[in-house]
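Asks: Residue 174 in the working numbering sits at position 174 of the sequence shown, and the numbers go up by one each step. From the three backbone atoms N, C-alpha and C, an ideal C-beta is built for every residue, glycine too. Below is the structure I would like to discuss, written out as structure tokens.
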Amino acid sequence: MKHTLPKLPYGYADLEPHIDARTMLVHHSQHHAAYVAKLNSALSGLPELHGYTATQLLQHLDEVPAALREDVQHNAGGHLNHSQFWRAMTPSGGGVPRGLLGDAITRDFGDFESFKTAFEAAGVSLFGSGWVWLARVQVDGGKLQIYTTTGHDNPIMRGHFPILVNDVWEHAYYLKHENRRAAYLHAWWVVVNWAEASKRYERSDHVAEHNWEDEGGNLLTVAA
Ligand code: MN
């Protein structure tokens, strides 16, 4: 199986003015495309790994030869994280999470404003390049946690289910916000796709099944 760059679920200019079209174009067609190309290249001599999705590669890094492990981790993570990130946003985004996810955010963070403040603060305080996540852990009654990962690590590597993600690599915001990462994080809520995050939360009991998401970050149907 060759890994492929998923189409964006909207146009490059559709998140304007919050995320500019030039940033989206370069981010998707250059950065994300490069992770996909490098992942395919790293795996070219490893046919035994060709059946794995990017998610499954991150869950089975011990099966990757040591010399290529870091390469596969970085590029499979870059591919998966960006696929999830594009779908975390929508031109008709914003508002507040409702339903089970809304209830869980209130339960675990007190209220929605406190959640947003904590998510932004985590993103601001990350040193260097990485991602800020809302993830569901599999212990403690399936509580939600906010944390950052460095490089392209994904919560799936800790056995957690990723619910919502923002990219805090400089390439995600530098053209518009320059060094003002806090401004980027604060403005981002306007494009957040809470319907997608809610769908992910409602599927988060199935993290162990390895097959809950396709290469484009689309959730798959699980048989009851
Ligand atoms: Mn990125």
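Under the assumption that VAL191 contacts MET89 (Cβ atoms under 8 angstroms), give the Cβ distance between them as a whole number of angstroms.
Replies: The sequence position of residue 191 within the sequence shown is 191, counting from 1. The sequence position of residue 89 within the sequence shown is 89, counting from 1. Yes, they are in contact, since the Cβ atoms of VAL191 and MET89 sit about 5 angstroms apart, within 8 angstroms.
Asks: Cβ atoms of ASN75 and LYS116: under 8 angstroms apart, would you say?
Replies: Counted from its first residue, the sequence shown places residue 116 at position 116. Counted from its first residue, the sequence shown places residue 75 at position 75. No. Outside cutoff.
Asks: Which runs of the alpha helix (DSSP H) at least 4 residues long sit entirely within the region 13-70? Give them in chain order.
Replies: Taking only runs of at least 4 residues, the alpha helix (DSSP H) segments lying wholly in the region 13-70 are 21-26, 33-43, 54-59.
Asks: Check this for me: beta carbons of ALA171 and HIS27, under 8 angstroms apart or not?
Replies: Within the sequence shown, numbered from 1, the residue matching residue 171 stands at position 171. Within the sequence shown, numbered from 1, the residue matching residue 27 stands at position 27. Note that residue 171 is His in the sequence shown, not Ala. Yes, Cβ-Cβ distance for HIS171 and HIS27 is below 8 angstroms.
Asks: Can you grab the Cα-Cα spacing for the pair GLY151 / GLY123, in whole Å?
Replies: The residue you call residue 151 lines up with position 151 of the sequence shown. The residue you call residue 123 lines up with position 123 of the sequence shown. Between GLY151 and GLY123, the C-alpha separation is close to 13 angstroms.
Asks: Quick check on DSSP: helix, strand or coil for THR90?
Replies: Here residue 90 corresponds to residue number 90 of the sequence shown, with the count starting at 1. Coil at THR90, not helix or strand.
Asks: Which of helix, strand or coil does DSSP assign to MET1?
Replies: Position 1 of the sequence shown, counting from 1, holds the residue named residue 1. DSSP places MET1 in coil when its eight states are reduced to three.
Asks: Go to ASP108, then tell me how far its beta strand (DSSP E) extends in each direction, as first and last residue.
Replies: As a working mapping, residue 108 is identified with position 108 in the sequence shown. Per DSSP, ASP108 belongs to no beta strand (DSSP E); it is in the alpha helix (DSSP H), 99-109.
Asks: Starting from the Cα of ARG158, find the closest Cα among ALA135, LYS176, TRP189, MET24 and give me that residue.
Replies: Position 158 of the sequence shown, counted from the first residue, corresponds to residue 158. Of the candidates ALA135, LYS176, TRP189, MET24, the one whose C-alpha sits nearest the C-alpha of ARG158 is ALA135.
Asks: So the beta strand (DSSP E) ALA172 belongs to, where does it begin and stop?
Replies: Within the sequence shown, numbered from 1, the residue matching residue 172 stands at position 172. No beta strand (DSSP E) contains ALA172, which DSSP labels as neither H nor E.
Asks: Is PRO17 buried or exposed, if buried means 16 or more other CB atoms sit within 10 Å of its CB?
Replies: Looking up residue 17 in the sequence shown gives position 17. It counts as exposed.
Asks: In its own chain, which residues sit with a C-beta less than 7 angstroms from the C-beta of ASN193, not counting the 5 before and 5 after it?
Replies: What you label residue 193 is simply residue 193 of the sequence shown in a count that begins at 1. Closer than 7 angstroms at the Cβ level, and outside the excluded window around ASN193, lie ARG87, ALA88, MET89, THR90, GLY93.
Asks: With distances taken between CB atoms, is the gap from ALA42 to LEU80 smaller than 8 angstroms?
Replies: Numbered from 1 along the sequence shown, position 42 holds the residue referred to as residue 42. Numbered from 1 along the sequence shown, position 80 holds the residue referred to as residue 80. Against a cut-off of 8 angstroms, the Cβ pair of LEU80 and ALA42 comes out as no contact.
Asks: Exposed or buried, ARG107, counting other C-beta atoms within 10 Å across all chains shown (16 or more means buried)?
Replies: Working through the sequence shown from its first residue, we reach residue 107 at position 107. With fewer than 16 other Cβ atoms within 10 Å, it is exposed.
Asks: With distances taken Cα to Cα, identify the nearest neighbour of GLU178 among THR23, ILE105, TYR12, TRP189.
Replies: For the purposes of this step, residue 178 is identified with residue 178 of the sequence shown, where counting begins at 1. When each option's Cα is compared against that of GLU178, the closest is THR23.
Asks: Given 7 angstroms as the limit, tell me if ASP167 has its C-beta closer than that to any heavy atom belonging to ligand 1.
Replies: For the purposes of this step, residue 167 is taken as the residue at position 167 of the sequence shown. Yes.
Asks: Which two residues bound the contiguous alpha helix (DSSP H) that contains TYR201?
Replies: Against the sequence shown, residue 201 aligns to sequence position 201. TYR201 -> alpha helix (DSSP H) spans 194-202.
Asks: Could you have a look at PHE127 and say whether DSSP puts it in helix, strand or coil?
Replies: Residue numbering aside, residue 127 sits at position 127 when the sequence shown is read from its first letter. Here PHE127 sits in coil by DSSP.
Asks: Under 8 angstroms between the Cβ atoms of TYR201 and LEU57?
Replies: Residue mapping note: residue 201 aligns to position 201 of the sequence shown, counting from 1. Residue mapping note: residue 57 aligns to position 57 of the sequence shown, counting from 1. No.
Asks: Find the nearest neighbour of GLU48 within the set GLN59, GLU63, VAL36, TYR35, judged by alpha-carbon distance.
Replies: As a working mapping, residue 48 is identified with position 48 in the sequence shown. Ranking the options by Cα distance to GLU48, first place goes to GLU63.
Asks: Which of the three DSSP states, helix, strand or coil, is assigned to TYR147?
Replies: Taking the first residue of the sequence shown as 1, we reach residue 147 at position 147. Strand at TYR147.
Asks: What residues in its chain sit with their C-beta under 7 angstroms from that of TRP189, if we drop five residues either side in the sequence?
Replies: Stepping through the sequence shown from its first residue, residue 189 is reached at position 189. Result list for TRP189: GLY94, LYS116, in chain order.
Asks: Quick check on DSSP: helix, strand or coil for VAL190?
Replies: Numbered from its first residue, the sequence shown carries residue 190 at position 190. In the structure shown, VAL190 sits in a helix (DSSP, three-state: H, G or I).
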